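Have a look at the structure below before the remarks.
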Amino acid sequence: MSEVGARRRGLAVALALALGLCLFGIDWGLPGIRSWSNDDGTPELPLHIEQVYRDGWHKYPYLQPLIDRLLYAPFLAKWRSDGRLKADCALPDPACFADPPAQMGRLMAISRLRSVAAALALVLLAHALAWQLYRDAGAALATACLAATTQVLIFYGHLGNVDLPLTAWFMLSMLAWLRILDGAGWTTHAGFGIAAACALATKESIVGAYVLPGLAILGLHARRLARGEKGSDGLRALLALALPLLILYALVNNLAFNPDGYVERIRHWSSGGGIDDFDDRYQGPFWLAGQSLARLGEAMGVPLASLALAGLCLGLRPGASALDRRASRILLLPLVGYQLFTIQTVHFVYTRFTLPLALLLLPPAGRLAARLWRSPGPWHPIARSLTLACIAYSGLYCLNVDLAMRADTRYAAEAWLRQALQPGSRLGLVGSEHYLPRTWHLGPIESERLLWEDSEAWDLEAWQPDWLILSSKSFVDLVGAEADARDRLLTGEAGYAVVWDQQQPAPLSWLPGAFVESRVSPRIVILRRDPDGLRAAPDAPTPAGRGP
């Protein structure tokens, strides 16, 4: 087999690995009406994006909901034609559907599959970025393999969140940016502008990563002008970049006809609910930089993150080749810009915020992995073993999350409730429904949502729910009156006894450094007003007992 053919097969293996890891467990929480991921707005937001676009607002721009709505369109049309979607009903009301969990779950699955497509695109883009930086086919292939086992990429490949589409648009723009730095003309500038506009119109937090690369483009044209090159060529290239960027961004956000919605979103992230809760926890820029490194370690796994940072730093050392020094210095621009102008600005960082950082760091990780693989002399077997161990660990790190999604505690809670509930039972669903077991399939019951922030106004004596269901994802960080309400429930002071309390551990929790997002398999607590009358359920834990 030729070397080119072998590398193509290697890239195909990387894509197949990413596909398998993304698809395994992709039915997490389905069928259902709401995602078990709190930041996943599908299918609700795409179903009423026309109204939001026209005169409403949302915390994220509208490109991805508009794309999702286009993906939903054939299914919605078919359901309208066969009567499974009411023609005169205002979406996203679940009552519009003949079978809300099945149909809305189908739409959620569509959004998840486009995230799978974005994940595969990111494997290809990481490969292309590494080639553009190093002109090293081995490094490019290693980068693709490492991308296929990057946990944060695989996890969000299971969800309808905007994070993977955002990162795909961003990486596409970075590929165009590298080609601009290598001397590409106005068409590549236009490609950069379009891809950057799509990234910003998906989630504006990525703007920080464009500050220093944008200045680098301006500096490039300033140097060309100083060398006596025609200014008209540079002006045409800059206009080719700026015009599609501004026009596309304005169209997607409906700036001409709904400026108030845009202003409301900016207010949300600059001085409103988007950052208020996090300002109280902020402990300074160095603390936040340390938090970013910690989140990066969770996102990639410590071995892969260490390999990536080592590859970046080795490229900056005095003895590095000119190619490696240039590559590391170039990558520092979006990496540092994102940290300074996005993360440091909003004063907090989640694991998903590190997706752009992780993808930018994969090429130096691939470069170092390829060098280890090719290292000569007596260190050759050790270097290869270390490289394989890093990839194997990363694969298990991803698989652990997939298995945790398949074994989510809420499945066990639903099975227990299905056996234990009496017809007509009244359920109080405490906290966000994103974190709770599904109840639509539990038979003829009454349910009411109770918000922790309204706990002082709860009137449990008046409504007298038979059962209360709690999730640790919504109650573990409560303070003040809300924490008091939680403690009264869990200690029995509110007249309820804990009859089921479990949290399934991650199946590969023995893996050193194993990390699973807190939204996956939270602790579920079920309380009953009259536990003495509880109908026995198969394999039910003893009252107030913690399960495995």
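Each residue of the sequence shown is one higher than the one before, starting from 3 at the first, in my numbering. No residue lacks a Cβ here, since even glycine has one placed at the ideal position from N, Cα and C. Computed from a prediction, not measured in an experiment: that's the story for all the values here.
According to DSSP, simplified to helix, strand and coil, what is Glu448?
The three-state reading of DSSP puts Glu448 in strand, counting E and B together.
Measuring only the C-alpha atoms, how far is Leu374 from Pro383?
The straight-line gap from Cα to Cα measures roughly 9 angstroms.
Quick check on DSSP: helix, strand or coil for Gln421?
Note: Gln421 maps to helix in three-state DSSP.
Would you kindly work out how many angstroms separate the C-alpha atoms of Gly515 and Ala391, rounded to a whole number?
Their Cα atoms are separated by approximately 14 angstroms.
Could you tell me if Cys315 is buried or exposed, where buried requires 16 or more neighbouring beta carbons within 10 angstroms of its beta carbon?
Exposed, since its Cβ has fewer than 16 Cβ neighbours within 10 Å.
With distances taken Cα to Cα, identify the nearest neighbour of Gly43 among Arg386, Gly292, Asp165, Asp461.
The candidate whose alpha carbon is nearest that of Gly43 is Asp165.
In the DSSP output, what is Gly430 paired with across the bridge?
Answer by DSSP bridge pairing, in chain order: Glu450, Leu470.
Are Gly210 and Tyr62 closer than 8 angstroms when you measure CB to CB?
Their beta carbons are not under 8 angstroms apart, which means Gly210 does not touch Tyr62 by this criterion.
In whole angstroms, what separates the C-alpha of Trp502 from that of Arg137?
Roughly 58 angstroms separates the two Cα atoms.
Assign Ile471 to one of two classes, buried (16 or more other C-beta atoms within 10 Å of its C-beta) or exposed (fewer than that).
Result: buried.
Just verifying my parser: in three-state terms, what is the DSSP assignment at Ile35?
Ile35: coil per DSSP, three-state reduction.
Apply the 10 Å Cβ neighbour rule to Arg440 and answer buried if 16 or more other Cβ atoms are within range, or exposed otherwise.
Buried, since its Cβ has 16 or more Cβ neighbours within 10 Å.
Please list, in chain order, all residues of the same chain as Ser474 whose beta carbon is under 6 angstroms from its beta carbon, the five residues on each side excluded.
So the qualifying residues of the chain are Pro524, Arg525.
So, with DSSP's three-state summary, where would you put Trp30?
Note: Trp30 maps to coil in three-state DSSP.
Closer than 7 angstroms by C-beta to Arg488: which residues in its own chain qualify, once you throw out the five before and the five after it? Chain order, please.
Apart from sequence neighbours up to five positions away, the residues of its chain that approach Arg488 with a beta-carbon distance below 7 angstroms are Phe477, Leu480, ordered along the chain.
Quick check on the DSSP output: the beta strand (DSSP E) that includes Leu529 runs from which residue to which?
It spans 526-530 - the beta strand (DSSP E) in which Leu529 sits, taken as one unbroken run.
With 16 other Cβ atoms within 10 Å as the buried cut-off, status of His160
Label assigned to His160: buried.
Judging by CA-CA distance, which residue of Ser273, Asp95, Glu52, Arg530 is the nearest neighbour of Val254?
Closest by alpha carbon: Glu52.
Measure the C-alpha to C-alpha separation of Leu47 and Pro365 and round it to an integer number of angstroms.
Here the alpha carbon of Leu47 sits roughly 35 angstroms from the alpha carbon of Pro365.
Among Ile219, Thr169, Pro215, Gly299, whose alpha-carbon lies nearest the alpha-carbon of Lys205?
Residue Thr169 holds the alpha-carbon nearest to the alpha-carbon of Lys205 among Ile219, Thr169, Pro215, Gly299.
Helix, strand or coil at Phe99 according to DSSP, with G and I counted as helix
Look at Phe99 here: in three-state DSSP terms it is strand.
With burial defined as no fewer than 16 other Cβ atoms inside 10 Å of the residue's Cβ, what is the status of Leu401: buried or exposed?
In this structure Leu401 is buried. Its beta-carbon is surrounded by 16 or more other beta-carbon atoms within 10 angstroms.
Which of the three DSSP states, helix, strand or coil, is assigned to Gln504?
Here Gln504 sits in strand by DSSP.
Can you name the residues that DSSP bridges to Leu553?
Only positions 3 to 550 of the chain appear in the structure, and residue 553 is not among them; the question remains open.
Kindly indicate the opening and closing residues of the alpha helix (DSSP H) around Leu316.
Per DSSP, Leu316 belongs to the alpha helix (DSSP H) from 304-316.
Which residue wins for smallest C-alpha separation from Ala199, given the options Ala239, Ala244, Ile182?
Closest in alpha carbon position to Ala199, among Ala239, Ala244, Ile182, is Ala244.
For Leu423 and Ala146, the rounded distance between their alpha carbons:
Rounded to whole angstroms, Ala146 to Leu423 spans 49 angstroms at the Cα level.
Cβ of Arg521 within 8 angstroms of Cβ of Trp38?
In contact: Arg521 and Trp38 (Cβ atoms closer than 8 angstroms).
In terms of residue numbering, what span does the alpha helix (DSSP H) encompassing Leu359 cover?
Per DSSP, the continuous alpha helix (DSSP H) segment holding Leu359 begins and ends at 357-376.
For His191, which of Leu227, Gly31, Ala242 has the nearest alpha-carbon?
Checking every option, the nearest Cα to that of His191 belongs to Ala242.
Once DSSP output is grouped into helix, strand and coil, what is the label at Pro550?
With a pLDDT of only 30 at Pro550, under 50, the local geometry of the prediction cannot be trusted, and the value read off the model is given with reservation. The answer is coil: DSSP assigns Pro550 none of H, G, I, E or B.
Using a beta-carbon distance below 8 angstroms, is Gly187 in contact with chain B?
Absence of chain B from the displayed structure is noted, only one protein chain being present.
Trp512 and Glu266 closer than 8 angstroms at C-beta:
No, these two residues do not count as a Cβ contact at 8 angstroms.
Cβ-heavy atom distance between Gly494 and the ligand FAD below 7 angstroms?
For the structure depicted, the ligand FAD is absent and the ligand set is empty, with no information on it obtainable.
Of the residues Leu337, Ala203, Leu23, the one placed nearest Val125, counting alpha carbons only
That would be Leu23, whose Cα lies nearest to the Cα of Val125.
Quick check: what's the CA-CA separation for Ala79 versus Lys88?
Rounded to whole angstroms, the gap between the alpha carbons of Ala79 and Lys88 is 11 angstroms.
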